[in-house]
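Line order of the protein sequences matches chains F, Z and R. Counting in the working numbering, the first sequence runs from 77 upward without gaps. Counting in the working numbering, the second sequence runs from 24 upward without gaps. Counting in the working numbering, the third sequence runs from 28 upward without gaps. Accompanying notes for the structure given below.
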Amino acid sequence: MKKLIGLALAVLVASFAASTASAGPKVAASSQAVSCNGTLKIAIVTPLTGGAGFLGAEQASWAKYAVATLAKPLGLKIQLVLGDTPVEQGAAIAQTLAQKYVGDSKVMGVIGPATSGGAVASTKTYQQAGIAQISPSATSTQLTKAAPTLTGTPSFFRVVPGDYVQGPTDAHYMIDKLKAKKVVIIDFQEPYSVGLANAAQAVLKKAGVSVTRLSAPNTTTDYSAYVTKVPSDADIVFFPTQKPPDAQTFAQQLLEQGKKAKVFGSDGSNDSTAFKVPGSYVSNFAPDITGIAADKAIIAGWKKANPGKSVGSFGPPAYGATQVMMNAIKRACTAGHGSIKTKRDVLRQVKRVRINNWILGGTFRWSTKSNDPLNAKFYIFQIQPNGSYKLVG
Amino acid sequence: MTDSTPHGSHTPADGPAVGQDEWVARHGEHQLLRGGRLGSAEARLRLVPWWAWLILFLAVFSLLPVVESSGYVRRVAFDTVLYMLLALGLNIVVGWGGLLDLGYVALYGVGAYTYAFVASGQFGVHLPTLLAVLVTVVVGAFVGFLLGLPSRRLTGDYLAIVTLFFLQLFQTLMTNADNVFGHDLTGGPNGILNVDPFHLFGHDLAVQHQGVFAVSYFYVALAVFAVVFVALRFVNFSRTGRAWRSLREDPLAAEAMGMPVNRLKLLSFSFGAAVAALTGSLFAALNASVFPLTFYFILLIVIYTMVILGGSGSQAGVVLGALIVGPLLELLRDPGKARILFYAALVGGVLFAFRRSRTTAIVSVGTIVFGFVMHVLASAHSASWVAGEKAGGAAGAVAHWVVVPAHLASWIPPTTYIGLLTLALLLTLIDRRVRLVLLVPTLYLAAFVWENVMLASPETMRYIVLGVILIGLMILRPNGLLGERRVEII
Amino acid sequence: MDTFIQLTIDGLTLGSVYALIALGYTLVYGVLKLLNFAHGDVFMVGSFIGFGVLQLLGGTSNPIVPIWALIVLITLAAIVGCSVLGVAIERFAYRPLRDAPRIAPLISALGVSFFLENSMQLLFGAQPRNYDTFSLANGALYLRGIDIGQVRLPLLRIITIVVAFVMMFLLWFLVTRTRSGKAMRATSFDREAAAMMGINIDRVIVFTFVLGSALAGVAGVMFGLRVPTNVTIGFVAGLKGFTAAVIGGIGSIPGAMAGGLILGFAESYTQGYVSTKWSDLFVFLILIAFMIFRPQGLFGRADIRKV
């Protein structure tokens, strides 16, 4: 038996050696210029497995699509590298991946990290190595807003506005347009919903609205008891979930128990095929992209490459982020006359990128004050009797 | 590197001598069975003292950051050292004490959080490093003691479930205690950030230098590992260690012999927890943050795989297990390397199953030929059936053998995957000749599924590989690589 | 008062599903003395089978058969699928380990659970799947039902509760009134003696797994009909099912049913009256209290080991 263990070990070591022979080059190599004629890499850091795997899978599919359709017209050869940061493994995995991409001389930029936790954990590493991160979903306010608790770095960007826009926007809509007097807020004990819930609650309380705050474990599937706890005279239930089917079920159970409150979802709940109970509201950082004429071809192409999948709200920002990154790489190539000397060159170009026909509507510009989109606002939709989303605010 | 010494008895050809226990005698027989050059080499290797192996290992391992300047490799090496420490700790509870502790990862979390409590801005307490680590270890041992309290009245499965519930409890507590009567205790789902780094010899240990993982923490971790390994070695060979072994083999007999069984169980829980807490402090200091979800089910399975693979009960074994599983998980992330590993495993598996015999040749040649035939048939049918990804190198070469379609209809992955599973399981049921014949298409189907289904999601595939390893180990070789085969005396 | 009635209905619905899962645990533990960690994942697979067959039959927006036939068909499909899965797990992951130290099948079960969860994720993705029962007949299953005072008990919940109780009754009948059931009870009492009496132990064990997994399949479909399912529900469902089995007394069938209902009520009332945040914690503390002070549960026998 020991003989075979030795043999097995030898095989393992040999294959390890063989495979690391083609492993990422060492740090020293990244100081050499990289030619733009070769294949460059963009890494996407997002949870591909685990409890939040649905988010990452969607982002990855849209990023792949962006690379497949936009790289060639820009004259670039881009390879998308997938980095999985399951939420169960927390910050450590984000840092390990950061090390990996820092050491790889071909990785020009990172799409992500998708989670605020991952961003906080790894952005210092990227900053030191001069790698740009453009996140399509990390919405924690402190990542870009200059507060005493700023946790981001100048190399971190995001293409969607943060919690500091969405929470108050939703709250103000509830107060001003819906004249809500009693609101129930539910959070799911993870950073996204807790951040939004806190932001909305602060605004609501200030305006004198009566707020009931409930908190559901992330693994909750049956919300019946929560529905029971919704007062019969409550107007709105703020339900910032990242799983649209949960919002759907909650709204249906409200009807089942004869409660008059309407469900108000956030951008994570935005999915017209999964959440379509009439009378509910959803906020999103973009108008429904299926309604944007310029996006029709893009959506059709994506659907062809991903049969059976529906367009959610996590994917298109990833497409946009990848588009910005590739444009920045292109600019760096042009400025460097066909080669990129350091990854910092790409980082410098990111803020200069402008996109017309932005996938989320309109044109894309960076804000001059922070690494957020310019004039970011949230749009409120109401679900119509036929299930479609109508822009109302 | 095993913990046992060769049994000196020599059994006569017609069975064990009068007055000698047959099972004991057979055990000695096994040890003497291997002859030839390999056998005598092995016998000589066994004479090398354990500390020589340890020093050799440390020397080689500590050269790693010098030889390899890639921050990624260094980071993976550091993570592996942490895994080795965790495996050593779990070995105390499961391997030596024989208690199935499924809440072990919670104790790791207790250590990380305690360090974060006493060395970060959470409560404004910033203890000096050594004191913080000491406090962490003591608290960890205490919580381990508490966790072990139910073990006095519960055995086997019940204990496993209670400890699993403790894991869930810990998770729920840490995620929700950010608003206990208005006080933020644990940072909730956002965790605790800005945890102090280690401050040794007057310097704060830096995690990275210009974005590349620095080596200071690695050497600290390695030093801690060496100390823990040696300390546990001495504990294992002490009275307590022997008492643990008797407890593991037969608790009833141990109790009848007057061993303080309850105290021993609590002791093993506490020791394991202390090691886990120590590792937790290292983890928290390096990452400068702690999040609740890290300490959950997946990590538990990973550590268990390491311990079982290496051989529970054997310190060197669990370290070996960690050395194999840790980097393996990282390697499998990359489709290219995963591909190489898969084919190496396939070839190795065939060799292992059939050794050097005609069967090996038949199966290997048969599979290769079968593959080419299928490939020709597929490409004859339609070019798109073989026009899948052909990124040069190994992938390109293999794509001439395995059918890699350009577009995969959505019913293909589930059907082929389940089909492969069914075939593989059926193979264990049928008799030899039919099995050989069926083995060839099964191997090809495995390659097909690997290329088309599993390499598409390397992240999930890694965990599937772990699950298969765990099940396979328990059925085929429960004592792992270096562990000792246990016989449960009822 | 209305809140109380509503919470009771919630608890009853939850408890029915927990009871079905708990029964699977109890049956297998009684016969094999093994805690089948993979049971929760069999439940998860059952809910996915139900979803898949539902889509084949046109989905809830365009079903090609009447509603009652739809539900019956997907339940049957889940029963068959899960039984096959359960038998396969027993045959390949547990049977080789029947004489091994107790720790071995437990770890193998952990491996199976992990393998199942990740295989399902590999094949079907991590996003939640919604049966969308609301679309059937314009929400009739949600909006029509029996009125109790001011509170309405919707059809869907009635279906869930009734199906669960019918299954439990069938199980009770099978176990107490048929020969196979008698063989099962004999095996769980003393395996060696049963073997000596001429009972085919292997067949009995397979029968047990078929029963337990079938119940898990039904539970999965009942679950999926009301809430969205995803690949990660197995772990928590397994824990809760096990809690219910232990509270009721593991090895005892009425105990599992009672334990499931008790757990459902405990969860519902805690969420409703105490706090939603800490309800999980509360339930776990109940379990730990039971395990420490009354490990045999409510209906179980105190286990006296003969040396």
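No residue lacks a Cβ here, since even glycine has one placed at the ideal position from N, Cα and C. A quick note: this is a predicted structure, and the numbers were derived from the prediction, not measured.
Residue 480/Z reaches chain R at 149, counting residues in chain order whose Cβ is nearer than 7 Å. In the structure shown, residue 360/F falls within a strand segment according to DSSP collapsed to helix, strand and coil. The beta carbon of residue 267/R does not come within 8 Å of any beta carbon belonging to chain Z, so the residue lies off that interface. In the DSSP assignment, residue 458/F falls within the beta strand (DSSP E) that extends over 455-459.
Runs of the alpha helix (DSSP H) lying entirely within the region 132-198 of chain R and spanning at least 4 residues, in chain order: 167-170.
Within the same chain, Cβ atoms closer than 6 Å to the Cβ of residue 100/Z are found at 87, the five residues on either side in sequence being excluded. Remark: C-beta atoms of residue 399/F and residue 146/F approach each other more closely than 8 Å. Contact annotation: in the region 336-359 of chain F, residues whose CB is within less than 9 Å of a CB in chain R are 350 and 353.
Taking 7 Å as the upper bound on Cβ-Cβ separation, chain R lies near residues 302, 304, 305, 319, 321, 322, 324, 325, 328, 331, 332, 333 and 334 of the region 302-335 of chain F. Assignment of residue 223/R by DSSP, reduced to helix, strand and coil, places it in the helix class.
Contact residues of the region 178-204 of chain F toward chain R are absent (C-beta to C-beta distance below 8 Å). With respect to chain F, the C-beta atom of residue 379/Z has no partner C-beta closer than 8 Å.
Cβ contact annotation for residue 215/F (same chain, cutoff 6 Å, sequence separation greater than five): 238 and 239, in chain order. Residue 209/Z has a beta carbon lying at 8 Å or more from every beta carbon in chain F. Around the CB of residue 229/R, fewer than 16 other CB atoms lie within 10 Å, so the residue is classed as exposed. Residue 353/F is positioned such that its CB atom lies closer than 8 Å to that of residue 327/F. Under the Cβ distance rule, residue 136/F does not count among the residues neighbouring chain R, no pair being separated by less than 8 Å. Chain-order list of chain F residues neighbouring residue 102/Z: 168 and 172, by C-beta distance under 8 Å. Interface criterion met: the Cβ of residue 176/F is under 8 Å from a Cβ in chain Z. Put simply, of 476/Z, 465/Z, 395/Z and 460/Z the residue whose alpha carbon is nearest the alpha carbon of residue 429/Z is 476/Z. Residues of chain R whose Cβ lies closer than 9 Å to the Cβ of residue 252/Z do not exist, since the nearest Cβ in that chain is about 24 Å away. For the region 107-129 of chain R, the residues whose beta carbon sits under 9 Å from a beta carbon of chain Z are, in order, 115, 118, 119, 120, 123, 124, 126, 127, 128 and 129. The beta carbon of residue 423/F sits closer than 6 Å to the beta carbons of 206, 208 and 231 from its chain, once the five residues preceding and following it are set aside; these are given in chain order. In the structure shown, residue 207/R adopts helical secondary structure according to DSSP, grouped into three states.
DSSP places residue 287/Z in no beta strand (DSSP E) but in the uninterrupted alpha helix (DSSP H) bounded by 284-310. For residue 208/F, the enclosing beta strand (DSSP E) stretches over residues 208-211.
Exclusion of the five residues before and after residue 482/Z leaves 356 as the residues of its chain whose Cβ lies within less than 8 Å of its Cβ. The beta carbon of residue 246/R lies closer than 6 Å to those of 44, 47, 48 and 70 in the same chain, with the five residues before and after it left out.
For residue 460/F, the nearest beta carbon of chain Z is not closer than 8 Å to its own beta carbon.
Under DSSP, no beta-bridge partner is assigned to residue 253/F.
Residue 110/R: member of the alpha helix (DSSP H) spanning 94-116, first to last residue. DSSP places residue 446/Z in the uninterrupted alpha helix (DSSP H) bounded by 435-450.
At a Cβ-Cβ threshold of 8 Å, residue 171/F and residue 217/Z do not count as neighbours. Taking a 10 Å sphere around the C-beta of residue 453/F, we find fewer than 16 other C-beta atoms and assign the residue as exposed.
Looking at the DSSP output, residue 160/F shares a beta bridge with 122/F. Residue 439/Z and residue 479/Z have their C-alpha atoms some 14 Å from each other.
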